[in-house]
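Chains as they are written, first to last, in my numbering: chain Z, 53 to 216; chain B, 53 to 216.
Quick notes on the structure that follows.
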DNA sequence: CTTAAATACTTTAAATCTAAAATGTTGGAC
DNA sequence: GTCCAACATTTTAGATTTAAAGTATTTAAG
C-alpha cells in the first residue's frame, strides 16, 4: 500500500514541505520586519529622548490604563519577566515619572500610575513615536492595513490557542 | 481660508488620526505576534536542546550559506551587534560546532562555517524548529501566507528605504 | 486556628546585548 | 614609500533580560 501510493505520497509530501518552508519564510519575514522597526524606534528614542523601548512601553501601558496597573499586569502586557518590570519601575520611580501605591485590600500588590510629570513626558514621546511608526508603515494603504491586521489577528489567536 | 475650510480640515484631520492610530495598532499587533512566537521558540529550544535563539539563529545563517560567512555578514544577517556575534562564535567554536578560518587575501576577515558536528546538530534542531513554526502558523491557508508575505515584503521595503 | 498551596513581587546570578574604544589590516592619496 | 581613512573584528563596560530562588501575603483546606 505504501509502495503503491508512492507517487501521490511524494506529491503530498513535497507540497507539505513547500508549505513548511513557507511557514518558516513567513516567520523569518515577520521577525525581520519587527526587528527593523524595533531597531529604528530604539535608536530614535535613545537619540531624541534618551530613553529605551522597554521604558517607553512601560509608560505606554500606563497611559492606556488611567486607573493604573499592577506589576503583574504590566509584566503580562509588556510580555517580559516580572524581574524586568521591577527594574524599570525602580528607574522610572526614581525619576518621578511613576507612582507605586499600595492596594488597600491586598498588601502583595502595587498599583502603578503615571505621575503628572510622567504623563506629560510620555505625551511628547508618544507624539514622536506615532510619527515614526506612521512614517514606517505609511506605504501601506488603509485596505492593506486592515488585511494585515485581520491576518495577524488570526495568527495571534492560533498561537495563543496552542497548549502549554 | 483656514476658517472656511474648518469642516473639511477636521474631517481630513480626524481621518488622518484614525490612520495614524491604525498604524500604531498594526505595529503593536506585529510586535505581539513576533514576541509570542519568539518566546515559544526560545522556551522550546531551551527545554529540548538546551540552547538559545541567538545560537540557533547563528547556526541557521551558516547552514543556509554553505560557503561560510564572515563575522560582519553574520552580524548583518542576524541584525545584532558585532560584539554579540563574537561572543556567540566563541561559545560555538568552543563546543566544536563551527570553524573560523582565515581568508587568504584579507587578514582582517574570518570565514565561519559549520563543522560536521555543527551541521548534524543543527539538522536536529531545524527539524523541530520547523515543526514548531508550522504548528504556530498552521491556521493560515497557503493563500493567506502569500498575502501576508506580500504585505510584509512591501512593509520591509518601505522601512528599509527610509533615510538613516 | 494551623498548615500548605497559591499568588505578587523582588532579588539574584548568569547570559545577552549594545555602543564605544581598541587592535590589527587594507587601500588609496600624495 | 608614508600617512591616513576606512574596514573587520574583538574587547570592554554597562545596561537589559531572563529563569529561578527568595520574601511576604493571601486563600483555603483540614
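The beta carbon of each residue, even a glycine, is placed where N, CA and C say it ideally should be.
Under the Cβ distance rule, residue 163 of chain Z does not count among the residues neighbouring chain B, no pair being separated by less than 8 Å. Closest by C-alpha distance to residue 150 of chain Z, out of Z:169, Z:135, Z:138 and Z:134, is Z:169.
Pairwise C-beta distances place the stretch 72 to 81 of chain Z in contact with the stretch 182 to 193 of chain B, as three or more of them are shorter than 8 Å. By DSSP's assignment, residue 122 of chain B forms a beta bridge with B:163. Scanning the stretch 103 to 147 of chain B for uninterrupted alpha helix (DSSP H) segments of 4 residues or longer gives 105 to 116, 123 to 130 and 134 to 146, listed from N- to C-terminal end.
Taking a Cβ-Cβ cut-off of 9 Å, the neighbours of residue 212 of chain B in chain Z comprise 88, given in sequence order.
One finds 182 and 185 in chain Z with Cβ atoms closer than 7 Å to the Cβ of residue 76 of chain B, taken in chain order. For the stretch 181 to 215 of chain Z, there is no continuous beta strand (DSSP E) assignment of 3+ residues that stays within its boundaries. Using a CB distance cut-off of 8 Å, residue 199 of chain B counts as an interface residue toward chain Z.
Judged by beta-carbon spacing, residue 141 of chain B lies beyond the 8 Å limit of residue 130 of chain B, meaning their Cβ atoms are not closer than that value. Here the alpha carbon of residue 173 of chain B sits roughly 30 Å from the alpha carbon of residue 192 of chain B.
Sequence-distant Cβ neighbours of residue 164 of chain B in its own chain, meaning closer than 6 Å and more than five residues away, are 120, 121, 150 and 152. Assigned with DSSP and collapsed to three states, residue 168 of chain B falls in helix. Interface criterion met: the Cβ of residue 84 of chain B is under 8 Å from a Cβ in chain Z. Residue pairing of residue 152 of chain Z in beta bridges, as defined by DSSP: Z:164. Under the 8 Å criterion on CB atoms, residue 81 of chain Z is classed as interfacial with respect to chain B. Cα atoms of residue 103 of chain B and residue 211 of chain B: separation of roughly 31 Å, rounded to the nearest angstrom.
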